[in-house]
Each structure stands twice: as structure tokens, then as C-alpha cells.
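Here the structure is laid out as C-alpha cells; the discussion comes afterwards.
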Amino acid sequence: MATTNTALDAGALEQLFTEARTYPGWQDRPVTDETLRRIYELARMAPTAVNSQPVRLVFVKSREAKERLKPALSPGNVDKTMQAPVTVIVAYDTAFHEQMPKLFPARDMKSVFAAMTPEAREQSAFMNGSLQGAYVILAARALGLDCGPMGGFDKAKVDEAFLLGTGWKSNFLINLGYGDAAKLFPRNPRLSFEDACRLV
């Protein structure tokens, strides 16, 4: 059904962008499995190259699973991750092209990707999987959650503990939950439009 887009109101923009923060501490409030499903259902609708959808998500919730994740974390990320209700392993599938007949039935994109070098195919998976990881953050914020994305971890250890035999590779982590505002640091500056952008 055709729709006419309108700008989001100030409150929505604050929730998604201007007042959203990267949280290092968390309230003792659970995140339901249904909410995690809704996050994925929203994030999967956003664009990827030829609808390739290479992102794969592992929602680490249980105490046992958190203990398996702990040895892979950089020291500064241990406490915040162990406290967070959920930690998402944002990964990408190196064999994502096997799903292309389902995802892009108009053309034989499976053969196109299969003809690439493994390095080029993985680069596509990494790029589009990273894009989808950002969609996960926005979807979580849209549903009222706070996020703490981070890259301080040993990818080989995470892959060994959670992704062995899948063809998936970890990219980054996102702590999810309801943030503890008392533990926030002051917001750091951002580059201006003039510093970061060009109009040509």
C-alpha cells in the first residue's frame, strides 16, 4: 500500500538519535523474548544489497551463556556486559548467498555471488551485516530499549564459543536493556556538518 512519508516528531527523533546514549549500566529489568523477536522483525525490513540480509543474531541472555561470553570480553566491557539483560552477537553469514533464491527470486543472484571470490563475498556480507546491525540498534531504541554497542572483544573466542560450524562470523556486540542514567558519562562532542560533509 502506497504511503506518504512525514517527518517524525521531535520526541521520536530524540528517542532514536539526539537523546539516545550508549549505556554502560543497566536497570534490573528483563527484556522479553517477544521484544527480541520484534527487534528482528523491524530490522529485517530495512534495505540491504539485493535483499541479501546476511546478518545473523545471537541473543545471549542466560547466565550460562553470559559466562561463556565473558572470557572473550575486553576488561572494560566485562561488568557492563554481565549486568546487561541481553547481549546481541551481531554476526554475518559467509554463506548468505545460499538464501538468495528465497530472498531475491527475480534473478539468480545466488550464482552471481557464488562466482565472486570468497574475499569479495565476505566483504559484501560484512558491509551489509554491519548495516543491519545499525538497524538493530534503531529498532531496539524504537521499542523503548537502550543500547550499548561495542567492539572490545576477541572475535575468535566468540566464534568458537557460539558460532562454531555455522559459517557465521562475529562483527560487534550490542548490550540491550533499560539503561541506568546514573551511570552515563557526559556526552562527547560530534563533528559538525562542515567538518564531516561536502556538498558537490
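The sequence shown begins at 1 in UniProt numbering and counts up by one. For each residue, glycine too, the CB sits at the ideal point set by N, CA and C.
Span separating the alpha-carbon of residue i from that of residue j
i, j, result
"Gly151", "Thr48", "22 angstroms"
"Val31", "Lys110", "36 angstroms"
"Glu122", "Leu173", "19 angstroms"
"Lys70", "Lys169", "18 angstroms"
"Pro105", "Gln99", "10 angstroms"
"Tyr92", "Ala125", "6 angstroms"
"Thr4", "Leu131", "25 angstroms"
"Leu163", "Asp79", "23 angstroms"
"Thr117", "Phe59", "31 angstroms"
"Gly76", "Asp108", "46 angstroms"
"Ser187", "Pro101", "First, the residue type needs correcting, since residue 187 is Arg and not Ser in the sequence shown. If you take the alpha carbons of Arg187 and Pro101, they lie about 45 angstroms apart."
Residues bridged to residue i [DSSP beta-bridge criterion]
i, result
"Tyr92", "Val55 and Lys169"
"Thr22", "Cys147"
9 angstroms Cβ cutoff met for residue i and residue j
i, j, result
"Gly165", "Val55", "no"
"Arg21", "Ala139", "no"
"Gly179", "Trp26", "yes"
"Ser52", "Phe113", "yes"
"Ala196", "Ala72", "no"
"Ala84", "Gly144", "no"
Nearest to residue i (by Cα), restricted to the options the options
i, options, result
"Phe17", "Leu8, Pro24 and Gly25", "Leu8"
"Lys61", "Ser192, Asn175 and Phe193", "Asn175"
"Lys183", "Glu160, Gly148, Phe172 and Asp154", "Gly148"
"Ala43", "Ala142, Pro85, Gln83 and Met109", "Ala142"
"Ser74", "Lys155, Ala115 and Arg29", "Lys155"
"Pro24", "Val90, Ala181, Gly11 and Val50", "Ala181"
"Ala115", "Ala95, Lys102 and Leu103", "Ala95"
"Val136", "Arg29, Glu14 and Thr35", "Thr35"
"Val86", "Gly76, Pro101, Leu103 and Lys66", "Lys66"
"Val90", "Ala10, Asn171, Val158 and Gly11", "Asn171"
- Only counting runs of 4 or more residues, tell me where the alpha helix (DSSP H) segments fall wholly within the UniProt domain "Nitroreductase" (27-178), in order along the chain. The DSSP assignment places 33-43, 63-69, 75-83, 100-103, 109-114, 118-142 and 155-162 as complete runs of the alpha helix (DSSP H) inside the UniProt domain "Nitroreductase" (27-178), in order along the chain (cut-off: 4 residues).
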